[in-house]
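Visitor: Sharing a structure here in C-alpha cells format.
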Amino acid sequence: MDLSSLKDEQNRLALKLNLKDRISPNRVRFVAGIDLTYLNIWKNPTLGIAALVVWDVKEKSIVDVFYYEQEVDFPYIPTFLAYRELPLVLGVFKKCNVEVDAFMLDGMGIIHPRKLGIAAHFGVVCDVVSLGCAKSHLIGVYDEPANVPGDYKPVFVENELRGFVMRSRKNANPIFISPGNNITSHSAVETTLLCLEGYRLPQPTRLAHNYLQQYRRKLLSR
DNA sequence: GCGACAG
DNA sequence: ATCTTGTCGC
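Each residue of the first sequence is one higher than the one before, counting from 2 in our numbering.
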C-alpha cells in the first residue's frame, strides 16, 4: 500500500470539511453511534462487524439498531484508521433508514495530522453531521481536565483548536471530542454532553459497542 | 535519531 | 480492537 498517496487523498478530502453547524445542538434529537469489532483481531483478513445505534436524546431511549458484516484486509496504521474501518462504517450507514441528526464515531474527527480522522473522513464522504469521541490520545497538546464530570479543556494541534478533552465521568480517563464534518468543536462537545448518562462513553457509541459484543458472541458460539 | 501513535 | 471474574477504590 502506498501511504503517501493516501496522505494526498486525506489532504484533498480535508479541503471539503465544513466546520460550521449544519444544525444547532439544541435541536439535535437523534444521534447515531457507530462502532466496530473483529471476529479475530490477530488474523489479518478477518470478518469485521459494524453496529449503528440510533439514540433519542430527548426520550433517552434506543430508536433502532443496525448491523453490517464484511471482510477486512487493511491493517491498523495510526492516522490511517479510516482505510481499515470506513468500508464497514459505510456499509452500516447504508442500512440505516432512520433520520439521524448527528453521527458519533469511535475515533478522531479533526484531531488528526491532516484533519481527517475517521469521523471527519466519514462526514465528508457522506456529507452528514459527524463527530469523533475517542477513548485515548492520538496527537495534540492539552491540559488535563479537572476530576469533575463535564469538565473539558481545549486540544491544540499546530496552535489551532481542534477539539476538547473531557472528563465524562469522575475517576475515569478523559475522552477526546472533535468535529467530524458540518459541526463546530463547541457543538461537538454539546452534542456529547446530551448523550452522557453517567457512563464514561456517550450512549450512542457505548451501546453500539455493547450490542456488538453480543452479536459477536453469538457468531462465535456456533 | 528517538519516541509516540485513534481502533 | 480481544480473552475474562473477581476485586479494589472513590
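Yeah, the Cβ is synthetic: ideal placement off N, Cα and C, and Gly gets one too.
1. Looking at C-alpha atoms only, which residue of Pro155, Lys44 and Arg115 is the closest neighbour of proline 79?
2. Run through the DSSP bridge pairs and tell me what phenylalanine 165 is partnered with.
3. Smallest Cα separation from lysine 136: which of Gly108, Leu221 and Val55?
4. So isoleucine 111 and leucine 139 are in contact, right, with Cβ under 8 Å, and what is the actual spacing, rounded?
5. Roughly how many angstroms lie between the CA atoms of arginine 217 and cysteine 196, to the nearest whole one?
6. Report yes if the CB atom of isoleucine 24 is closer than 8 Å to the CB atom of aspartate 102, and no otherwise.
7. Looking only at its chain, what residues have a beta carbon closer than 7 Å to the beta carbon of glutamate 100, apart from the 5 residues adjacent to it on each side?
8. If asparagine 183 and valine 129 are in contact, beta carbons under 8 Å, what's the gap, nearest whole angstrom?
9. Let me know if glutamate 86 comes out buried or exposed under the rule of 16 or more other beta-carbons within 10 Å of its beta-carbon.
10. Residues bridged to phenylalanine 67 by DSSP?
11. Using 8 Å as the threshold, is the region 154-162 in touch with the region 44-51, meaning 3 or more CB pairs across them?
12. Excluding the five sequence neighbours on either side, which residues of its own chain have a C-beta within less than 7 Å of the C-beta of histidine 122, listed in chain order?
Guide: Reading off the structure:
1. For the residues Pro155, Lys44 and Arg115, the minimum Cα distance to proline 79 belongs to Arg115.
2. DSSP output for phenylalanine 165 lists Pro155 and Ile178 as bridge partner(s).
3. Of Gly108, Leu221 and Val55, the residue nearest in Cα terms is Gly108.
4. Contact doesn't hold; Cβ gap of about 11 Å is too wide.
5. Roughly 25 Å separates the two Cα atoms.
6. Yes.
7. Excluding five sequence positions before and after glutamate 100, the CB atoms of its chain that fall closer than 7 Å to its own CB belong to Phe31, given in chain order.
8. Separation of the CB atoms of asparagine 183 and valine 129 is rounded to 7 Å, and the pair is thereby assigned contact status at 8 Å.
9. With 16 or more other Cβ atoms inside 10 Å of its own Cβ, glutamate 86 counts as buried.
10. Bridge partners of phenylalanine 67: Leu53.
11. Counting C-beta pairs with one atom in each stretch, the region 154-162 and the region 44-51 have fewer than three that are closer than 8 Å, which means they do not touch.
12. Leu14, Ala83 and Leu87.
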